[in-house]
DNA sequence: GTAGGGTTAG
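Residue numbers (my numbering): 15 to 739.
Structure (structure tokens):
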């Protein structure tokens, strides 16, 4: 039944109420119902009205509903669409995360002879990511100027945001400072933009400057500034803002309370974080996640887990935060377990989850799981961003697969300092010192600046490659060329570098002249060098310092013991053992992990907890016999024992070292020729190092042991470390 | 008939 034909004025009001009706109707509709409604509209004659066409188009482009190709058809039905209609289409593509399509529509609009208006650019730029901003940003900015839209506040804020997401804070600032008026939205865009570029002090400075210009902050402003305080651990600044908020009228506000929890949590003030959380009337998943992260980061991962278990809703962020909490706590197996729970809960992981997962794999040396993670990303279309790339490089390096790490490195289009640092260190610890140094010179040729961690990789590379003079040069160039002051770790590398090369006097001199107190790593490096270069006198001095720094660790004494023994000073060795026993010093329990079929198996010395423990021990027994037949003699100098204990007991203990158990397990649970990879928490002991060489030869297996300091690739009876470690 | 700024994870 057609509508009656009333006067023009009442016709407009009738149409208006019809539009509102249609709008309400359409908002919850499927596309099919929408098309049915549309045919009804056409039949009633309403469809001829440009207003109705616009409404239909607008609904089609809305979020969560509609169909862009159908919207396109509708637009094509309009003879000469004006800017607002094109804007609808542009907005549709933007909210659907397809900024390139939005740009294409914009270009088409221009080609059809229609110019943009002040609404066009906010729509167009809203969906821009970093890459879009880099690709189209400057040209679109030129369009803004050409069409005379640069004085519009909305357009300017959209441009500010665009420059901020691409990391071009300087351009954003220039635009901001040239603005005729700076309203609160543009200040907010500047503050969040600096947050995005990790320039948190500048965010706080802008916040102060804003007050100087009497611009009233909004809730958005406070959220951004609190986030900056959180990231820069600015607890005092954060507290001041909290006080201001309590005196103002903005609280309670969910987003602000979440930002407060986050700020307190990151700054380590868990009591305050908990108080804010406790006093909230309504909490969302972000509130819960923020408090879980707070506990996890302050080392209370079990408390974090207890809260996590109480969450009624868990999204990918909360799951990832929990995984990361275990990674931070060094509980990598549990991290992997949480990931499996996440999958069981059917929550889709993203690239953040992958980074945490890969970090756990790297630390465990779990290559299979790491490879699985990579394949999982490809299967599920999780994008490999720069952080994922960095995590992959690290994972492959820590699993001794340098070639794969290099492959990832080469394929990364963008590289940040973490990328370069991961690759340089990866090459260095895997024994490719020269390549690491080559890479460093390439890095210096780019705009990416090395930091103190990069230099640790560089110095490690020099040490492993025996490049003493280069190492010394790099050490001075870090100050002169890059303004980085060496810390105690750098001095440790330098001592290691000189010590390995047998320049013990220079190493000693370095320690004497360093501007800070040497730590145990520095003395440990010297002691290790003394052992290799058989300088008992200096070793005793180094050990003395080491014991002062770590009185409960027997490592230094054990090393001395073995030196006394090899210098035929058995009486000193005996006294040393006696002292260790009397002082009740403990050796940190050694622990080795080995991955088989994607599962991580953990062994401590004398471990009998493994389900296949019977088989493992009989293999171990057989293995020791084979080794002995081939000429292996157990070396028990590093074994703690009392005066009455016999050699036999000492060898029994040494046979059950965790890495031997791990290798025995590897031999029974993998096919012939398969490489066995073991990750140990301590340095590998002399006897195990020797035994591994025999195993690699007798069983024709490649064995890779990653210990606390480096990799040992055992192949055909010898080790890549050339017996220096 | 439509618009700009924000928070949780690496």
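C-beta: ideal position from N, C-alpha, C; glycine also. Here the structure is a predicted model, which means the values were calculated and not measured.
| How close, in whole Å, do the beta carbons of residue 471 and residue 450 come, if the pair is a contact with beta carbons under 8 Å? | Position 457 of the first chain, counted from the first residue, corresponds to residue 471. Position 436 of the first chain, counted from the first residue, corresponds to residue 450. Right, their Cβ atoms sit about 7 Å apart.
| request: Look at the alpha carbon of residue 173 and the alpha carbon of residue 148, and state the distance between them as a whole number of angstroms. | output: Reading the first chain from its first residue, position 159 is the one you call residue 173. Reading the first chain from its first residue, position 134 is the one you call residue 148. Rounded to the nearest whole angstrom, the C-alpha separation of residue 173 and residue 148 is 12 Å.
| Are the beta-carbon atoms of residue 590 and residue 575 separated by less than 8 Å? | On the first chain, position 576 is the one that residue 590 refers to. On the first chain, position 561 is the one that residue 575 refers to. Judged by beta-carbon spacing, residue 575 lies within the 8 Å limit of residue 590, meaning their Cβ atoms are closer than that value.
| query | Buried or exposed: residue 417, going by 16 or more other Cβ atoms within 10 Å of its Cβ? | reply | Here residue 417 is taken as the residue at index 403 of the first chain, counted from 1. So residue 417 counts as exposed.
| Among 586, 309 and 240, which residue has its Cα nearest to the Cα of residue 283? | Sequence index remark: in the first chain, residue 283 carries index 269 (1-based). For residue 283, the nearest C-alpha among the options comes from 309.
| Local Cβ density within 10 Å of residue 731, reported as buried at 16 or more and exposed below that | As a first step, residue 731 is located in the first chain; it is residue number 717 there, counting from the start. Label assigned to residue 731: exposed.
| query | How is the alpha helix (DSSP H) around residue 420 delimited, first residue to last? | reply | Position 406 of the first chain, counted from the first residue, corresponds to residue 420. First-last of the alpha helix (DSSP H) with residue 420: 416-425.
| Mind checking whether residue 609 and residue 378 have CB atoms under 8 Å apart? | The residue you call residue 609 lines up with position 595 of the first chain. The residue you call residue 378 lines up with position 364 of the first chain. A contact, by the Cβ cut-off of 8 Å.
| So what's residue 428 in DSSP terms, helix, strand or just coil? | If you number the first chain from 1, residue 428 lands on position 414. It is coil, neither helix nor strand.
| Going by Cα to Cα distance, which pick from 144, 629 and 113 is closest to residue 135? | The residue given as residue 135 occupies position 121 in the first chain. Out of 144, 629 and 113, 113 has the C-alpha closest to the C-alpha of residue 135.
| query | Thinking just about the alpha-carbon of each residue, which of 432, 447, 540 and 400 is nearest to the one in residue 426? | reply | As a position in the first chain, residue 426 is number 412, starting the count at 1. Closest in alpha carbon position to residue 426, among 432, 447, 540 and 400, is 400.
| task | Count the other CB atoms, across all protein chains shown, that sit within 10 Å of the CB of residue 436; report buried if there are 16 or more and exposed otherwise. | result | Your numbering for residue 436 matches position 422 in the first chain. Flag for residue 436 reads buried.
| CB-CB under 6 Å to residue 84, same chain, minus the five flanking residues each way: which ones, in chain order? | If you number the first chain from 1, residue 84 lands on position 70. Taken in chain order, the residues that qualify are 74.
| field | Spatial neighbours of residue 498 in its chain, beta-carbon cut-off 8 Å, leaving aside the 5 residues before and after | value | Locating residue 498 in the first chain gives position 484, counting from the first residue. So the qualifying residues of the chain are 464, 465, 466, 469 and 492.
| query | If you draw a straight line from the alpha carbon of residue 261 to that of residue 270, how long is it in whole angstroms? | reply | For the purposes of this step, residue 261 is identified with residue 247 of the first chain, where counting begins at 1. For the purposes of this step, residue 270 is identified with residue 256 of the first chain, where counting begins at 1. Residue 261 and residue 270 have their C-alpha atoms roughly 14 Å apart.
| Delimiting residues of the beta strand (DSSP E) encompassing residue 606 | Your numbering for residue 606 matches position 592 in the first chain. First-last of the beta strand (DSSP E) with residue 606: 605-610.
| task | Return the chain-ordered list of same chain residues with a C-beta closer than 7 Å to the C-beta of residue 176, the five sequence neighbours on each side being excluded. | result | Start at 1 with the first residue of the first chain, and residue 176 comes out as number 162. Close CB contacts of residue 176 within its chain, under the 7 Å cut and outside five residues either way in sequence, are with 139, 142, 147 and 151 (chain order).
| To which residues of the same chain is residue 617 closer than 6 Å at the C-beta, ignoring the five residues directly before and after it? | What you label residue 617 is simply residue 603 of the first chain in a count that begins at 1. Only 606, 672, 675 and 676 meet the Cβ criterion.
| field | Uninterrupted beta strand (DSSP E) stretches inside the region 540-618 (no shorter than 3 residues) | value | Listed in chain order, the complete beta strand (DSSP E) runs (minimum 3 residues) inside the region 540-618 are 605-610 and 613-618.
| message | Can you tell me which residues form a DSSP beta bridge with residue 694? | response | Residue numbering aside, residue 694 sits at position 680 when the first chain is read from its first letter. Partner(s): 606.
| To the nearest whole angstrom, what separates the beta carbons of residue 345 and residue 369, a pair I think is in contact under 8 Å? | Along the first chain, read from residue 1 onward, the residue named residue 345 stands at position 331. Along the first chain, read from residue 1 onward, the residue named residue 369 stands at position 355. 17 Å between Cβ atoms; not a contact.
| request: Grab me the residues of residue 489's own chain with a C-beta within less than 6 Å of its C-beta, minus the 5 sequence neighbours each way, in chain order. | output: Locating residue 489 in the first chain gives position 475, where the first residue counts as 1. The residues are 508.
| said: Out of 295, 275, 646 and 705, which one is the CA nearest neighbour of residue 288? | reply: As a working mapping, residue 288 is identified with position 274 in the first chain. By alpha-carbon distance to residue 288, the top candidate from 295, 275, 646 and 705 is 275.
| Nonlocal neighbours in the same chain, by C-beta distance under 7 Å from residue 387, ignoring five residues either side | In the first chain, the residue the question calls residue 387 occupies position 373. Taken in chain order, the residues that qualify are 368, 371, 372 and 375.
| request: Work out the CA separation of residue 238 and residue 223 for me, nearest whole Å. | output: By 1-based counting over the first chain, the position of residue 223 is 209. By 1-based counting over the first chain, the position of residue 238 is 224. Residue 223 and residue 238 have their C-alpha atoms roughly 15 Å apart.
| What number of angstroms, rounded off, separates the C-alpha of residue 331 from the C-alpha of residue 356? | Position 317 of the first chain, counted from the start, is the residue given in the question as residue 331. Position 342 of the first chain, counted from the start, is the residue given in the question as residue 356. In a straight line, the C-alpha of residue 331 is about 11 Å away from that of residue 356.
| field | Residue span of the alpha helix (DSSP H) that contains residue 630, given as start and end | value | Counting from one through the first chain, the residue named residue 630 turns up at place 616. Per DSSP, the continuous alpha helix (DSSP H) segment holding residue 630 begins and ends at 627-643.
| Taking only runs of the alpha helix (DSSP H) that begin and end inside the region 200-244, which ones reach a length of at least 4 residues, in chain order? | Correct list: 214-226.
| query | Does the Cβ-Cβ distance between residue 547 and residue 512 come in under 8 Å? | reply | Looking up residue 547 in the first chain gives position 533. Looking up residue 512 in the first chain gives position 498. The answer is no: Cβ separation not under 8 Å.
| task | Would you decide whether residue 510 is buried or exposed? Buried here means 16 or more other CB atoms lie within 10 Å of its CB. | result | On the first chain, residue 510 is found 496 positions in, with the first residue counted as 1. Result: buried.
| Under 8 Å between the Cβ atoms of residue 189 and residue 233? | By 1-based counting over the first chain, the position of residue 189 is 175. By 1-based counting over the first chain, the position of residue 233 is 219. No. Outside cutoff.
| message | Using 8 Å as the threshold, is the C-beta distance between residue 170 and residue 206 below it? | response | As a working mapping, residue 170 is identified with position 156 in the first chain. As a working mapping, residue 206 is identified with position 192 in the first chain. For the pair residue 170 and residue 206, the CB atoms are not nearer than the 8 Å cut-off.
| said: For a test of the three-state rule: what should DSSP assign to residue 486, helix, strand or coil? | reply: Here residue 486 corresponds to residue number 472 of the first chain, with the count starting at 1. If DSSP states are grouped into helix, strand and coil, residue 486 belongs with the helices.
| Is residue 724 buried or exposed, if buried means 16 or more other CB atoms sit within 10 Å of its CB? | In the first chain, residue 724 corresponds to position 710, counting from 1. By the Cβ neighbour-count rule, residue 724 is buried, with 16 or more other Cβ atoms within 10 Å of its own.
| Just curious, the alpha helix (DSSP H) that residue 309 is in, first and last residue? | Within the first chain, residue 309 is the residue found at index 295, counting from 1. Residue 309 -> alpha helix (DSSP H) spans 299-311.
| Going by the CB atoms, is the gap between residue 217 and residue 242 shorter than 8 Å? | Residue 242 sits at position 228 when you count from the first residue of the first chain. Residue 217 sits at position 203 when you count from the first residue of the first chain. Yes; because the gap between Cβ atoms is below 8 Å, this pair is in contact.
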